[in-house]
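What follows is a single structure, written as structure tokens, with notes after it.
2 protein chains.
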Amino acid sequence: MDHTRWLDEEEMRAWLAFIPTATLVARELDQQLKEDMGLSHLQYEILVHLNAAENGALRMTALAERLINSKSGLTYQIGQMERDGLVRRRPCEWSKSGVLAEITDEGRAMLERAAPGHVEKVREVLIDVLTPDECKAIADGLGRVRDRIIERNDGGSCW
Amino acid sequence: MDHTRWLDEEEMRAWLAFIPTATLVARELDQQLKEDMGLSHLQYEILVHLNAAENGALRMTALAERLINSKSGLTYQIGQMERDGLVRRRPCEWSKSGVLAEITDEGRAMLERAAPGHVEKVREVLIDVLTPDECKAIADGLGRVRDRIIERNDGGSCW
DNA sequence: CGAGAGCTGTTCAAATTTGAACGGCAGGAG
DNA sequence: CTCCTGCCGTTCAAATTTGAACAGCTCTCG
Chain A
421 MDHTRWLDEE EMRAWLAFIP TATLVARELD QQLKEDMGLS HLQYEILVHL
471 NAAENGALRM TALAERLINS KSGLTYQIGQ MERDGLVRRR PCEWSKSGVL
521 AEITDEGRAM LERAAPGHVE KVREVLIDVL TPDECKAIAD GLGRVRDRII
571 ERNDGGSCW
Chain B
421 MDHTRWLDEE EMRAWLAFIP TATLVARELD QQLKEDMGLS HLQYEILVHL
471 NAAENGALRM TALAERLINS KSGLTYQIGQ MERDGLVRRR PCEWSKSGVL
521 AEITDEGRAM LERAAPGHVE KVREVLIDVL TPDECKAIAD GLGRVRDRII
571 ERNDGGSCW
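Residue numbers (the working numbering), protein chains in the order written: chain A, 421 to 579; chain B, 421 to 579.
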């Protein structure tokens, strides 16, 4: 017997519009950032998260989780960005084994310069193409999808 | 002056629900396929596209475009899959410089075994979490986003 | 025919990512 | 205190991805 509930036409349309589109959009953003600023999208995101954090700093693991990135991958990228002066490593005060990644002034300046072009691109390829209704449906639906996956993985492990 | 049209709250919600969720979903699918079948998501997609093609075969470039992958990356993956017997290379009849990637019987068998678990996971993490309305909005909206990017890049280059 | 522009798929080195293994630290049970 | 389990960030080798460079082929214009 075949218990598999295959996707119907509408579901298939949604599926084929989801991952491929995300891949395309990510590629567009990556190119824009790389050409204009010499930053990868991941590096940009790192700056965004650090900049938004309490003291411009976050612990490595916390940052990796927010970025949906592996810890070792983050270690590598922070290394690159530290070399470029965008970020600095600092020991964590209350835990000898902890390390804080902290955004530098140069990092904040870079973010400030990069943000307008980035947001413009996000609008151009995604947001301005969507109707407000679609925008809301995506925020609600995909937000729920995201939260469920995160919640489900919380009881589990990391990477 | 600052002409930047920043994202309003709803747009930001959609943005923060899009790429991160796609990343998470892709990770889930990759894990499921790798654990259960030893296939990466990319390899699975290659099988899907070849299986759906006219004679179970596509030219390298055509396949790369559908997969949203670089040509060199595809060369590598086809190499891996050829080694594993899932795929075979065949010269293109009407063009000496062309190469066809063709799915093997073993490849079709693998796909048949992998598909149910894959679809089930797609439902579990994504489709079954969305309401029909959201599903439609995603299909319509993101489909439009995708088509615009593809169309815009057609006049341009490849990778 | 013959030069030239544009494809095709591959190659290569460099960059990045992955996942397991590791040494050091934290925190609770005995 | 001391062992033990678990977390932290890093390290490492292997896998993969990237992008430019390449050699061969195709097609068109002259």
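Each residue gets a CB set at the ideal place from its N, CA and C atoms; glycine is no exception.
Query                                                                                                                                                                : Result
Tell me which residues share the same chain as A/S577 and place their Cβ nearer than 6 angstroms to its Cβ, disregarding the 5 neighbours each side in the sequence. : With a pLDDT of 46 at A/S577, under the threshold of 50, the modelled position of this residue cannot be trusted; read the value that follows with caution. Correct list: empty, nothing qualifies.
What are the partner residues of B/R479, as DSSP defines its beta bridges?                                                                                           : B/L520
By a C-beta neighbour count over all protein chains shown, 10 Å radius and 16 as the cutoff for buried, is A/T441 buried or exposed?                                 : buried
Do B/L494 and B/L483 have their beta-carbon atoms positioned less than 9 angstroms apart in this structure?                                                          : yes
For a test of the three-state rule: what should DSSP assign to B/R508, helix, strand or coil?                                                                        : strand
Taking the C-alpha atoms as reference points, what is the distance between B/R643 and A/R508?                                                                        : Nothing about residue 643 of chain B can be read from this structure; chain B reaches only from 421 to 579.
My output table needs one value for B/H461: the three-state DSSP class, helix, strand or coil.                                                                       : helix
Could you name the residues of chain A that B/V549 contacts, counting a contact when the two beta carbons are closer than 8 angstroms?                               : G561, R564, V565 and R568
So, does the CB of A/C512 fall closer than 9 angstroms to a CB anywhere in chain B?                                                                                  : no
By the three-class DSSP mapping on this structure, what secondary structure does B/S492 have?                                                                        : helix
Are the beta-carbon atoms belonging to B/L546 and A/I488 less than 9 angstroms from one another?                                                                     : no
Would you please state the rounded distance, in angstroms, between the beta carbons of B/A477 and B/R510? I believe it to be under 8 angstroms.                      : 7 angstroms
Determine the direct distance from the alpha carbon of B/D525 to that of A/E431, and round the result to whole angstroms.                                            : 29 angstroms
If the cut is a Cβ gap below 7 angstroms, which residues of chain A does B/R425 touch?                                                                               : R543
Check whether the Cβ atoms of B/W514 and A/V539 sit closer than 9 angstroms, and answer yes or no.                                                                   : no
At a Cβ threshold of 9 angstroms, is B/E485 touching chain A?                                                                                                        : no
Using a C-beta cutoff of 9 angstroms, does A/T441 count as contacting chain B?                                                                                       : yes
Check whether chain B comes within 9 angstroms of A/E455, counting only Cβ atoms and requiring the distance to be less than that.                                    : no
A/K556 versus chain B: which residues are under 7 angstroms apart at the beta carbon?                                                                                : E430
Considering only C-alpha positions, which residue in the set B/P552, B/I558 and B/T551 is nearest to A/T551?                                                         : B/I558
On a Cα-Cα basis, can you pick out the residue from B/M530, B/Q463, B/C512 and B/T481 that is closest to B/Q500?                                                     : B/Q463
Is A/H423 helix, strand or coil when you go by DSSP?                                                                                                                 : coil
With distances taken from CA atoms, which of B/G561, B/M530 and B/A437 is nearest B/K454?                                                                            : B/M530
Tell me, please, whether the CB atom of B/D422 is closer than 9 angstroms to any CB atom in chain A?                                                                 : yes
Sort A/E429, A/S460 and A/I570 by Cα distance to A/A534 and report the nearest one.                                                                                  : A/S460
Let me know the secondary structure DSSP gives B/E431 once reduced to three states.                                                                                  : helix
Give the straight-line distance between the Cα atoms of B/A521 and A/I466, rounded to the nearest whole angstrom.                                                    : 39 angstroms
How is A/A484 classed by DSSP in three states: helix, strand or coil?                                                                                                : helix
Please list, in chain order, the residues of the region 512-532 of chain B that have any C-beta partner in chain A closer than 9 angstroms.                          : none
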